[in-house]
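Presented below is the structure to which this report refers.
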Amino acid sequence: MKTTNRFRWILLLLLIPGVGWADRIEGRMNGLGCASKGEMCPTDKDDPHVLMERDFVVQTADGNYFYITNMDWRTKLKFVLQHVRVEGKFSDKLSAIAADEFWVKQEGEYQLEWSLEMAREKQRKARLEQQRQWPQELR
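In the working numbering, the protein residues as written are 43 to 181.
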């Protein structure tokens with residue numbers, strides 16, 4: 043009887059799709075212009091060239107690069123040149139990932155710096171603050 047129940051649980055677990063499993067990409071944040079040329083640049087985070095980049099991507103060790111579709115430009119800029127790990131839903135067709143979590147390597151360990159949940163909470167608080175500033179008759 044125990045063996046049958048155990049077998050059923052194993053079978054059930056195998057049949058459940060990978061719900062909650064995220065794709066993962068690791069690499070360095072790089073400017074899109076540089077990554078598309080196969081280069082790792084800028085060489086200095088304070089280089090004015092960085093501000094001219096229209097987007098930033100995660101460039102992997104093999105030279106491939108991937109867009110982060112749902113993260114704002116300023117957040118990406120903040121972590122340019124750093125080693126990062128992005129977890130979320132990957133699209134092979136677009137070479138892109140919709141991030142759920144964005145981790146930055148600091149002192150040998152990855153630290154969570156951004157998540158979809160954190161971004162939503164920030165937007166919610168901004169909306170509430172904006173509503174508080176509205177005149178009473180508009181609320």
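Heads up, the beta-carbon is just placed ideally off N, CA and C, and yes, glycines get one too.
Predicted, not measured: the structure shown is a model, and the values here were computed from it.
Rounded to whole angstroms, the gap between the alpha carbons of lysine 135 and phenylalanine 108 is 11 Å. Below 8 Å, too few C-beta pairs join the segment 163–171 and the segment 135–152 to call them touching: fewer than three. Going by DSSP, serine 78 is part of the alpha helix (DSSP H) stretching over 74–78. Taking valine 99 as reference, the option from Lys120, Ala161, Ser157, Glu149 with the minimal CA-CA separation is Lys120.
Around the CB of asparagine 106, fewer than 16 other CB atoms lie within 10 Å, so the residue is classed as exposed. Sixteen is the threshold: when 16 or more other Cβ atoms of the shown chains lie within 10 Å of the Cβ of lysine 118, as they do, the residue is buried.
For glutamate 129, the number of other beta carbons within 10 angstroms of its own is at least 16, and it is reported as buried. Of the candidates Leu170, Gly69, Glu151, Arg96, the residue whose Cα lies closest to the Cα of tryptophan 115 is Arg96. Burial state of alanine 77 is buried, judged by a 10 Å Cβ sphere holding 16 or more other Cβ atoms. Annotation: leucine 123 to glutamate 171 spans about 34 Å, alpha carbon to alpha carbon. Looking only at Ala161, Trp156, Val92, the smallest Cα-Cα distance to glutamate 143 is reached by Trp156.
Following the DSSP letters along the chain, one finds valine 99 inside the beta strand (DSSP E) bounded by residues 98–101.
A distance of 8 Å or more separates the beta carbons of cysteine 83 and glycine 69.
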